[in-house]
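Peer 1:
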Amino acid sequence: MWDNFVREMMRAANEIVNGFARFLPRFLEMLVIVLVGWLIAFVLRALLRSVLKLTRFDKLSEHTGATQLLRGAALPSLTELVSRFVFWLAWLGFILLGISVLGVVGFEEHVATFFAFLPRLIVSLFILFFGLLAASFFSRAVLLGAVNADLPSPRIISWAVRTMIILFVGSMAFEELGISSSTVIAAFAMTFGALMLGLALAFGLGGKDLARRYLEKRFAREPHEENREREDELSPL
Amino acid sequence: MPEETILSDEFVRELINVGEVDILVGVPTHNDARTVGQVVQAVRAGLLKYFPRARSVIINADGGSRDGTRELVCAASINDTTTSDLSALRTLHSISTQYEGNPANGTALRTILAAADLLQAKACAVVSPESASLEPEWIERLLGPVIRESADLVLPVYVRHKFDGLLIRNLVYPVTRAVFGCSVREPYPSDYAFSSALGSHFLNQEIWSQEQGRHGTELWLTLAAIIGSYKISQSFLGAKSRLESSPSDLVKAMRETAGLLFCSMDCYPAAWREVREPLPVPCNGCQPTVSLEPMRVNRKRLYQMFTFGVAQLEPVFLSILSSPTHDELKRVTTLPEEDFMFPDQLWARTVYEFAVAYHRAVIGRDHIVQALVPIFRGRALTFVTQNREAGEEAIEKGIEAVCDTFEREKPYLLQLWDGGK
Amino acid sequence: MPISQDGLWYKDAVIYQLHVRSFYDSSGDGNGDFRGLAQKLDYLQDLGINTIWLMPFFPSPLRDDGYDIADYRTVNPIYGTLEDFKNFLDAAHKRNLRVIMEMVLNHTSDQHPWFQESRSSRSNPRRDWYVWSDTDTRYKGTRIIFLDTELSNWAWDPVSKQYYWHRFFSHQPDLNWDNPQLREEMWDVMKFWLNMGVDAFRLDAVPYLVEREGTNCENLPETHEVIKDVRARMDREFPGRMLLAEANQWPADLRAYFANGDEFHMAFHFPLMPRMFMGVKLEDRKPITEILKQTPEIPDSCQWCLFLRNHDELTLEMVTDMERDYMYDEYAKEKGMRLNLGIRRRLAPLLDNDRRRIELMNGMLMSMPGTPIIYYGDEIGMGDNINLGDRNGVRTPMQWDGGWNGGFSTADPEMLYSPLMLNPVYGYQAINVTSHKRFDHSLLAWMKRLIKIRKATPVFGRGSIQFLFPANHRVLAYVRKLGSETILVVNNLSSSAQAVELDLKPFKGNILVEMFGKNVFPRIGDLPYLLTMGPYQFYWFKLRRL
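Chains as they are written, first to last, in this note's numbering: chain E, 1407 to 1643; chain X, 877 to 1297; chain F, 2 to 547.
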């Protein structure tokens, strides 16, 4: 019996050792993949950083106001952000690849799902990012336009524009991710529709005189006649 | 891909017939039939009287007029196919072309420059089709310095109403003088003259597909002449006609002035950083330049638009202005209308901080320019209030004081520009 | 002996103006003479001209280069005898060369026996042959022609103690054409020469023949009556002879001298000449086309006489003040070049000795409607000497060769009536007939070719003219037509190459044949006809329908 025990123990130990022996190369393979992946991700980050610097990507983002946005959020510059994102994405990919080499059952499926989800995540991040930029840009444009056109409540108009764009962009992002997309779309449609209806009622009923005067001023008269209706004779140039 | 052509085939054929000229007078038009006939006849009289022996041509660059503007310009021709004109020694061609694109003075100017280059014109003048007060003598006063004194750019000096051209007097002139070091009263002219050297140089600038190649181009010409160290002079012309086509829309005016100034400061820092003292620019025949007729000014509206604008645009100003300047600006908005005063120094610093913000593109550059508009209203209100009863001397003193302030604040501009706070 | 009388011969004439004194000296006394001129007729015939216009050769004190006549019926002994003249005339006619002579009707020299008699006493029969007055205030407002030398049109005669009228120099008293005896005498004088065979008279200073109070004493109806009378007599007794008017007037005033074809046959077109020079300097055809637009139609039997230069100053009387100032500034930069509202320079110096411009101007001269006149020496590009007094700078001896006195005379140089041109550019060593004859490309050779084509093309002398007005104002283009023959003339007045588009639609289908080289140019189609032209180039095209 003792011999059997020892034999079984030996056999079990052998199996464990064999198991380790079988696992270790894979583990080592995984480590190598992860390491190589880190190297590649590092090179990619450096390359991308150089390319973005060369193409003055930060200047572009300054023009669109993204820099300001990031600075406000205490985030690094867009070039740095993008480079780091690419680094982590690349390395994460290699890590997952390495893990898949380990041969853990059921894990490959999750890895595949993750990789399938990745593009959509990236796209929705892009949508969100540029949408926020657009919201910032257009809301500011509307604010300035409204102030210089002497319209009432320019801030409210600006806020409304920003909110609408953010809502719109948010819905697009969620739809892209596939997270409760139908709920989100419905909610957006209802909000947007209600807003539009409200504005139409307010403008059409409550402000119809103003609307009439505005349209007449805009389309029915020649520009120099418009000048004559100014309340003073100042000519800036 | 072939580069775009500026001059149409038909127009080139007409230019061939004109041949080499000594003088070219350009008239940019768009539906100016009301005044252009008078203007062109005055130009013609000026050429016949003061340059009877010169080979001259009048070139009309039109933006698509439908009221017979072009025909009126062509009627100024003197040749042997029309009735004899023995008062004219030579043929005088007066030809017209319609340029591509939307009507814009910059595009018209480019057409005129291209024609001048092709015809090897030694001296060119551009006159506004709305200058109904243009006299034949203006032609001599504009072209004379180019021909006789080798000036490269001749800018006008007008008699203007004391409240006319506030943006020029309070922004464009002080900045051109203090920053670029050139004391010209009308850096954004509607009637001016230039030499072939400057014309060719300007034609080759890469601005024509951008906004400054369409609007405000005349100001860019002045700046190009300053930056290129061309010889600039001024000539007194007379009373300036009020231009219908000139934007009363302050935003548009601001884009064409402040926008262009900031852009040129950004593009050519080396040209102005080293400038210490503004150089005086000679003025031929200068006389008192301010007229004092009554003018209707709605000061209340200016005040309201200023205070309201500053309040509403606070989030924008926070991105542009420094804290002390922004605080000072807010303090000014709290002043009651009867005590309202927008100090010169605050104005100068504000303008400079806007210039720096433009340079750094802290937000969209066009937004920066637009944001200056309500602040300018406050400045305009102060000018109008302070000079309500003022005579010519007092007004000149006031403008001089503003310019001095801009000059004194230039080190502040440099400090900001280089990254200081 | 007169030559064949084709009544309109003057329309086909190419006239050569010369002064016998300046042309060739056969006697060695330093003055040209008729024998010498006769020896040079072969040269003139070879040149191609067919008419010679002689400047005054009458006995004269020569204070106005022979226009101050002291005897109407003989030849100044300096130039030979009357017999010499007759021989010359015969020799010219044998070569089919016609001869125009001067006839100064307006005034004589104060040395003329008539004036000597007239001034001798107030009761002399010839007293009234001149215009006398007790005061110098008559005919107020009459302009003075020789502004540089005369202060008044009246001169005091110390002999008869009265003033006498003179429109020119004070030594040239005006004849009184109101006097019938004077009229008959002058007709006798003209008959004298016509009988000898002279083909035509150039009547000098015709606008001033008659004076009337309250007028400007120019172009008066009475003057025209005088001429008409002369013309009628001449047509009756000497058909086929010609009268040429020297009247420096605006075209509208000149028209009257043609009347209905019963006054002058020809008149100089004075206003056109300075405008040709102006057009070339301005590089603009406007001055030329405008003066021709103002030129009235003349009777079919009449003809304009065109010229570039002559023995007088290039007159600037018939231009505006602005135009005169321009001409002075461009063509007479030195004050010494200016005289009596004109410029006393020859053709070549005026054109900066630019061969192309000289050709262009001669091309226009030969192709415009009128009879062309070549001033002696201009066919070889002779220069001028403004340091000689009055207009003598353009009357220097003809330069025949590079030898002794330029081949003009065997006399000692000091004896010559006028110094020769000596500078290296225009001097006789550089500019002379002999050296020009050596080269096919010389100006003389070119002039011969030009004259030959002109003579072979009656259109130029007799045809109509229609201006084309191409948009390029530097190009002067016109069409000459006579019957079925059509010639297109295109002149580039500019110093730089030009492109010009001509509207030749009315002539569609014609082929252009360039008349000098006889080369064919493209057929005229629907599109504007494009020509490219070198500096100062001109084309003469014959239009042919083939």
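The C-beta atom is built at its ideal place from N, Cα and C for all residues, glycine as well. Predicted model, so just to flag it, every value in this text is computed and none were measured.
Could you check if residue 1619/E is buried or exposed, using at least 16 other CB atoms within 10 Å of its CB as the buried criterion?
Peer 2: With fewer than 16 other Cβ atoms within 10 Å, it is exposed.
Peer 1: Once DSSP output is grouped into helix, strand and coil, what is the label at residue 882/X?
Peer 2: Residue 882/X falls in the coil class under three-state DSSP.
Peer 1: Under 8 angstroms between the Cβ atoms of residue 331/F and residue 287/F?
Peer 2: No, the Cβ-Cβ distance between residue 331/F and residue 287/F is not below 8 angstroms.
Peer 1: Relative to the C-alpha of residue 526/F, which residue among 513/F, 519/F, 520/F and 15/F is closest?
Peer 2: Ranking 513/F, 519/F, 520/F and 15/F by Cα distance to residue 526/F puts 513/F first.
Peer 1: Beta-carbon within less than 7 angstroms of residue 1432/E's beta-carbon, same chain only, minus the 5 sequence neighbours each way: which residues are those?
Peer 2: Result list for residue 1432/E: 1507, 1508 and 1509, in chain order.
Peer 1: Indicate the three-state DSSP secondary structure (helix, strand or coil) for residue 522/F in the structure shown.
Peer 2: Correct three-state label for residue 522/F: strand.
Peer 1: Contact between the stretch 1216-1226 of chain X and the stretch 1252-1261 of chain X: three or more CB pairs below 8 angstroms?
Peer 2: Enough Cβ pairs lie closer than 8 angstroms, so yes.
Peer 1: Looking only at its chain, what residues have a beta carbon closer than 7 angstroms to the beta carbon of residue 1173/X, apart from the 5 residues adjacent to it on each side?
Peer 2: Result list for residue 1173/X: 1039 and 1260, in chain order.
Peer 1: Measuring only between beta-carbons, confirm whether residue 885/X sits less than 8 angstroms from chain F.
Peer 2: Chain F contact via Cβ: absent.
Peer 1: Applying the 10 Å Cβ sphere with the 16-neighbour rule, what's the burial state of residue 1086/X?
Peer 2: Its Cβ having fewer than 16 others within 10 Å, residue 1086/X is exposed.
Peer 1: Taking C-beta pairs closer than 7 angstroms, name the residues in chain F that residue 965/X reaches, listed in chain order.
Peer 2: In chain order: 283, 323, 324 and 327.
Peer 1: How far does the beta strand (DSSP E) with residue 533/F in it reach, from first residue to last?
Peer 2: Run containing residue 533/F: 530-534, per the beta strand (DSSP E) assignment.
Peer 1: Apply the 10 Å Cβ neighbour rule to residue 2/F and answer buried if 16 or more other Cβ atoms are within range, or exposed otherwise.
Peer 2: Residue confidence is low: residue 2/F scores 41 on pLDDT, short of 50, so the model does not pin down where it sits. Its coordinate-derived value is still stated next. Exposed: under 16 other Cβ atoms inside 10 Å.
Peer 1: Below 8 angstroms, how does it come out for the stretch 1041-1051 of chain X and the stretch 964-979 of chain X: are there three or more Cβ pairs, yes or no?
Peer 2: Not touching, per the Cβ criterion.
Peer 1: Quick check on the burial criterion: 16 or more other C-beta atoms within 10 angstroms. Buried or exposed for residue 1635/E?
Peer 2: Note that residue 1635/E has pLDDT 44, beneath the 50 cutoff, so the model's placement of it is unreliable and the number below is only indicative. Result: exposed.
Peer 1: Mark residue 1291/X as exposed unless 16 or more other C-beta atoms lie within 10 angstroms of its C-beta, in which case mark it buried.
Peer 2: It counts as exposed.
Peer 1: Anyone know if the C-beta pair for residue 110/F and residue 71/F falls short of 8 angstroms?
Peer 2: In this structure, residue 71/F lies closer than 8 angstroms to residue 110/F by Cβ.
Peer 1: By the 10 Å Cβ neighbour count, where 16 or more other Cβ atoms means buried, how is residue 60/F classified, buried or exposed?
Peer 2: Result: buried.
Peer 1: Less than 8 angstroms between the beta carbons of residue 1517/E and residue 1502/E, yes or no?
Peer 2: In this structure, residue 1502/E lies closer than 8 angstroms to residue 1517/E by Cβ.
Peer 1: Are the Cβ atoms of residue 437/F and residue 381/F separated by less than 8 angstroms?
Peer 2: Yes. Within cutoff.
Peer 1: Leaving out five residues before and five after residue 100/F in sequence, what residues of the same chain have Cβ atoms less than 7 angstroms from its Cβ?
Peer 2: Hits under 7 angstroms: 53, 55, 90, 93, 199 and 200.
Peer 1: Taking DSSP's pairing of strands, which residues face residue 372/F in a bridge?
Peer 2: Residue 372/F is bridged to 306/F.
Peer 1: Applying a beta-carbon distance threshold of less than 7 angstroms, which residues of chain X neighbour residue 1543/E?
Peer 2: Within 7 angstroms Cβ-Cβ: 1240.
Peer 1: Counting contacts by CB-CB distance shorter than 8 angstroms, is residue 249/F in contact with chain X?
Peer 2: Cβ-Cβ to chain X under 8 angstroms: no for residue 249/F.
Peer 1: Chain X partners of residue 498/F, CB-CB under 9 angstroms?
Peer 2: Near residue 498/F there are no residues of chain X at all, since even the closest Cβ is about 10 angstroms away, more than 9 angstroms.
Peer 1: Quick check on the DSSP output: the beta strand (DSSP E) that includes residue 1031/X runs from which residue to which?
Peer 2: 1029-1037 is the extent of the beta strand (DSSP E) around residue 1031/X.
Peer 1: Mark residue 306/F as exposed unless 16 or more other C-beta atoms lie within 10 angstroms of its C-beta, in which case mark it buried.
Peer 2: It counts as buried.
Peer 1: Classify residue 1250/X: buried if its beta carbon has 16 or more other beta carbons within 10 angstroms, exposed otherwise.
Peer 2: Residue 1250/X is buried by the Cβ-count criterion.
Peer 1: Using the three-state DSSP reduction, which class does residue 1111/X fall into: helix, strand or coil?
Peer 2: Correct three-state label for residue 1111/X: strand.
Peer 1: When DSSP labels each residue in this structure, what does residue 844/X get in the three-state scheme?
Peer 2: Outside the shown range of chain X (877 to 1297) lies residue 844/X, about which nothing can therefore be said.
Peer 1: Where do the N-terminal and C-terminal ends of the beta strand (DSSP E) with residue 99/F fall, by residue?
Peer 2: 99-105 is the extent of the beta strand (DSSP E) around residue 99/F.
Peer 1: Mind checking whether residue 270/F and residue 303/F have CB atoms under 8 angstroms apart?
Peer 2: Result no, Cβ atoms of residue 270/F and residue 303/F do not sit closer than 8 angstroms.
Peer 1: Per DSSP, residue 904/X is paired with what?
Peer 2: According to DSSP, which records beta bridges pairwise, residue 904/X is partnered with 937/X.
Peer 1: Closer than 8 angstroms, CB to CB, is residue 1189/X near chain E or not?
Peer 2: Closer than 8 angstroms to some Cβ of chain E, the Cβ of residue 1189/X qualifies, so yes.
Peer 1: Please name the residue in 276/F, 489/F, 264/F and 279/F whose C-alpha comes closest to that of residue 234/F.
Peer 2: Checking every option, the nearest Cα to that of residue 234/F belongs to 264/F.
Peer 1: With burial defined as no fewer than 16 other Cβ atoms inside 10 Å of the residue's Cβ, what is the status of residue 160/F: buried or exposed?
Peer 2: Counting Cβ neighbours within 10 Å, residue 160/F comes out exposed, since fewer than 16 surround it.
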